[in-house]
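Read the structure below first, then the notes.
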Amino acid sequence: MTTTKITLEELKPKFLDAPNRYNNWYNTADFTFNGVDYCLKLSLTEGTLLGQQNFMSLSSEPLKIVEENGIAVLKKPENDINLIFEGNDFHFDLDNESLTVEMGDMKVICKEDERRVICKSKELNIDIVSKPRGPIFYWGKKKGALCQVTEGTEVAGIESLSTINGSITTNKQKIDLKDARGLFERVWFGKLDFFQIRIMNWLYANFDQLYTYICHTESQKNDGGGFHFETGKIYLLETDDYLFADRFEIVPESWVYFEEAKRFIPWEQSVEVRTQKGRLKYTIKPYRYPQLIQPPIRMFDFVVDNIPGWSSLFYDLPVKLEGKFIFKDGEKLELTNGRGINELIRLVPL
Numbered sequence: 415m416t417t418t419k420i421t422l423e424e425l426k427p428k429f430l431d432a433p434n435r436y437n438n439w440y441n442t443a444d445f446t447f448n449g450v451d452y453c454l455k456l457s458l459t460e461g462t463l464l465g466q467q468n469f470m471s472l473s474s475e476p477l478k479i480v481e482e483n484g485i486a487v488l489k490k491p492e493n494d495i496n497l498i499f500e501g502n503d504f505h506f507d508l509d510n511e512s513l514t515v516e517m518g519d520m521k522v523i524c525k526e527d528e529r530r531v532i533c534k535s536k537e538l539n540i541d542i543v544s545k546p547r548g549p550i551f552y553w554g555k556k557k558g559a560l561c562q563v564t565e566g567t568e569v570a571g572i573e574s575l576s577t578i579n580g581s582i583t584t585n586k587q588k589i590d591l592k593d594a595r596g597l598f599e600r601v602w603f604g605k606l607d608f609f610q611i612r613i614m615n616w617l618y619a620n621f622d623q624l625y626t627y628i629c630h631t632e633s634q635k636n637d638g639g640g641f642h643f644e645t646g647k648i649y650l651l652e653t654d655d656y657l658f659a660d661r662f663e664i665v666p667e668s669w670v671y672f673e674e675a676k677r678f679i680p681w682e683q684s685v686e687v688r689t690q691k692g693r694l695k696y697t698i699k700p701y702r703y704p705q706l707i708q709p710p711i712r713m714f715d716f717v718v719d720n721i722p723g724w725s726s727l728f729y730d731l732p733v734k735l736e737g738k739f740i741f742k743d744g745e746k747l748e749l750t751n752g753r754g755i756n757e758l759i760r761l762v763p764l
């Protein structure tokens with residue numbers, strides 16, 4: 415049974431008595447203002463796992479990729495806003511109608527049918543409200559499921575593909591958001607073995623005709639064997655079809671050298687998602703600079719399978735998407751105005 419509401423029990427922080435935990439309230443908006451494409455990301459993260467921090471970013475500068483010695487090199491923009499605030503105290507308040515979580519300059523007021531985010535930093539003053547476009551997505555096959563993402567990591571998550579309204583004020587301009595699209599995500603877990611991960615590829619996408627999310631992780635078990643995880647959903651708006659991803663494939667079509675991180679990263683990608691109703695096929699094309707969630711880490715003394723020296727990279731990449739849904743009878747639904755974020759974790763030898 416589908417629902418457009420997120421309960422207060424699901425919204426409130428989990429594992430507060432545990433020494434290790436992760437709770438996030440993550441909001442995005444993809445929009446165009448005065449002919450410029452923007453990606454807004456606001457994340458309030460509580461807990462000891464992956465760090466307690468606020469993340470605020472507003473990306474608008476066109477990509478700059480130059481060829482150097484036959485290699486496509488991605489240059490850092492000068493005017494994007496990326497703010498990370500760490501070490502602030504976390505507070506929450508729960509009543510019969512809403513949950514309010516607050517840390518530093520960010521406040522998220524969560525009701526069952528909408529989320530409001532207020533930020534009052536010097537660089538970004540924000541007041542936006544997100545409402546679901548339709549049924550929300552749960553990680554896994556059922557509501558509240560703890561998904562075993564790696565051998566030592568269990569995650570529960572909710573993805574609400576949303577319509578966003580409100581305002582953003584920078585030191586240069588005020589931006590009014592009207593019927594923008596984005597995401598509200600609520601994820602929590604009490605166990606994490608980050609260094610088991612080799613690659614994690616997560617993506618949400620809003621099209622005019624449907625919305626979707628997928629998450630794929632390949633990791634290593636303690637005995638050295640491989641561990642595979644994938645989950646995903648699609649919602650077709652016109653036909654009211656809520657579809658589970660049976661299987662999907664993500665194939666990098668090009669790579670760039672991410673100069674700031676000193677790493678090659680997948681750039682354009684092709685995706686095919688199989689469901690009981692048909693196949694969703696689309697291409698991912700980045701249009702703004704990656705937003706680093708954590709600084710790149712180089713672990714010179716870290717040894718896996720007798721291989722010394724590893725690195726980790728964790729970032730969000732604003733993307734545009736083109737594609738179609740092919741029904742089993744051969745009918746094709748062409749998709750328009752695809753926007754979203756592709757989040758990637760990569761742990762590889764140096």
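In the working numbering, the protein residues as written are 415 to 764.
The beta carbon of each residue, even a glycine, is placed where N, CA and C say it ideally should be.
Worksheet entry | Inter-residue Cα distance where the pair is E674 and G461 | 27 Å
Practice prompt. Report the residue from G723, T583, I711 and E565 whose alpha carbon sits nearest the alpha carbon of T631.
Written response: E565
Discussion item. Once the 5 residues before and after G518 are set aside, which same chain residues still bring their CB inside 6 Å of it?
Written reply: N468, F499 and N502
Item to complete: Would you tell me roughly how many angstroms separate the C-alpha atoms of N510 and E424, rounded to the nearest one?
Response: 14 Å
Discussion item. Based on DSSP bridge pairs, tell me the residues matched to F643.
Written reply: T631
Worksheet item: Should S471 be labelled buried (16 or more other beta-carbon atoms within 10 Å of its own) or exposed?
Response: buried
Discussion item. So, at 7 Å on beta carbons, what are the nonlocal neighbours of L651 in its own chain, with the 5 sequence-adjacent residues on each side left out?
Written reply: G548, Q623 and L624
Worksheet entry | Per DSSP, the bridge partner or partners of P722 | V717
Item to complete: Within 10 angstroms of the Cβ of E573, are there 16 or more other Cβ atoms? Answer buried if so, exposed if not.
Response: buried
Worksheet item: Where in the stretch 444–514 do unbroken runs of the beta strand (DSSP E), each at least 3 residues long, occur, reported from the N-terminal end onward?
Response: 450–460, 467–473, 479–482, 485–488, 495–500 and 504–508
Fill in: Proximity below 9 Å, CB of V665 to CB of W681
no
Item to complete: Could you say which of Q466, P700 and G449 lies nearest to F504 if we only look at CA atoms?
Response: Q466
Worksheet entry | The alpha helix (DSSP H) enclosing E423, as first and last residue numbers | L422 to L425
Worksheet item: Of the choices A559, F658, L454 and I721, whose alpha-carbon is the least far from that of V762?
Response: I721
Worksheet item: Considering only residues of the same chain and omitting the five flanking positions on each side of C561, which have a CB-CB separation below 8 Å?
Response: W553, G554, E568, V569, A570, G571, F643 and T645
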